[in-house]
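Residue 3 is where the sequence shown starts when you use my numbering, and the numbers rise one by one after that.
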Amino acid sequence: MVTPYARRVDSQWTPVRDALRADVAGLAPHGSVMLTADAQRFVEIYHEGERLSVDCAGSQAWGGPALTDADQDAALTGLGFTTPTDRRDETEVHSSFRIHLPADRPESADRAADLAVAALAILGVQPTDHLARDVS
Numbered sequence: 003m004v005t006p007y008a009r010r011v012d013s014q015w016t017p018v019r020d021a022l023r024a025d026v027a028g029l030a031p032h033g034s035v036m037l038t039a040d041a042q043r044f045v046e047i048y049h050e051g052e053r054l055s056v057d058c059a060g061s062q063a064w065g066g067p068a069l070t071d072a073d074q075d076a077a078l079t080g081l082g083f084t085t086p087t088d089r090r091d092e093t094e095v096h097s098s099f100r101i102h103l104p105a106d107r108p109e110s111a112d113r114a115a116d117l118a119v120a121a122l123a124i125l126g127v128q129p130t131d132h133l134a135r136d137v138s
C-alpha cells in the first residue's frame with residue numbers, strides 16, 4: 003500500500019523507505035530504529051507502549067541541531083510533525099519535530115517509515131547519502 007506520504011519523496015528513496023518499513027514493522031515494544039545522515043539530520047522511530055513516535059532533528063530555533071529554514075519547518079509541520087512548543091504538556095520534551103501514531107494499527111509502521119523518509123528529504127538528505135542505521 004502506498005500512503006500519501008510516500009508520494010512526497012522522489013522514487014529514489016524507495017529502497018530506503020522499504021527497508022525502514024521492514025525495520026519498523028519488526029520493532030519490539032521499547033525498540034527503535036534510527037537513520038542518521040549527520041549530527042544535524044536524522045530521524046528516529048520508536049515503539050513506546052501504545053504508540054509509534056517519529057522524531058526528526060529539531061530546528062536550532064528551539065535548541066535542536068538542525069539548520070532548518072521556515073520552509074522546511076512548514077513542510078515538516080505540514081506533514082503533521084509537532085514542535086516542542088506544541089508539546090508543552092508532555093513529560094519528556096525533546097528539541098525534535100515529533101509525530102505520534104497508534105502502534106496497534108497495521109498501517110502505522112508504513113506510515114511512520116514514510117514520514118521519516120519524507121522528513122529526511124525535507125532536511126536536504128539525498129537518497130544516495132550514506133545513512134547510518136541503528137536498530138535496537
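Beta carbons: idealized from backbone N, C-alpha and C, even for Gly.
Treat the numbers as computed from the prediction; the structure is a model and nothing was measured.
Same chain, Cβ closer than 7 angstroms to residue i, neighbours up to 5 away in sequence not counted
| i | result |
| --- | --- |
| aspartate 25 | Val35 and Val137 |
Given residue i as reference, the closest of the options once Cα atoms are compared
| i | options | result |
| --- | --- | --- |
| phenylalanine 99 | Gln74, Gly126, Gly28 and Asp12 | Gln74 |
| serine 226 | Thr84, Ala123, Ala134 and Gly126 | Look at the range of the chain in this structure, 3 to 138, and you will see that residue 226 is not part of it. |
| alanine 30 | Ala21, Arg19, Ile47 and Leu37 | Ile47 |
| arginine 23 | Ala121, Glu109, Gly126 and Ile124 | Glu109 |
| aspartate 57 | Ala63, Val45, Glu50 and Gly51 | Val45 |
| glycine 80 | Ile101, Thr87 and Arg89 | Ile101 |
| threonine 16 | Leu133, Ala134, His49 and Pro129 | Pro129 |
| alanine 105 | Thr87, Gly33 and Gln42 | Gly33 |
| leucine 103 | Gly51, Ala63 and Ala21 | Gly51 |
Separation of residue j from residue i, as counted between CA atoms
| i | j | result |
| --- | --- | --- |
| glycine 66 | arginine 107 | 30 angstroms |
| aspartate 71 | glycine 60 | 11 angstroms |
| leucine 133 | glycine 28 | 19 angstroms |
| alanine 21 | glutamine 14 | 13 angstroms |
| glycine 82 | histidine 49 | 18 angstroms |
| arginine 135 | serine 97 | 21 angstroms |
| alanine 41 | glutamine 62 | 12 angstroms |
| proline 86 | leucine 37 | 21 angstroms |
Bridge partners - residue i, DSSP secondary structure assignment
| i | result |
| --- | --- |
| leucine 37 | Val45 and Arg135 |
| isoleucine 101 | Val56 |
| threonine 84 | Arg100 |
| alanine 68 | Ser61 |
| glutamate 50 | Arg53 |
Expected contact under 8 angstroms - CB spacing of residue i and residue j to nearest Å
| i | j | result |
| --- | --- | --- |
| aspartate 112 | alanine 39 | At roughly 22 angstroms, the Cβ-Cβ gap does not stay under 8 angstroms, so aspartate 112 and alanine 39 are not in contact. |
| leucine 117 | alanine 68 | Going by Cβ atoms, the distance from leucine 117 to alanine 68 rounds to 16 angstroms, so no, they are not a contact pair. |
| alanine 114 | leucine 78 | With a Cβ gap of about 14 angstroms, alanine 114 and leucine 78 do not count as contacting. |
| arginine 19 | valine 119 | 5 angstroms |
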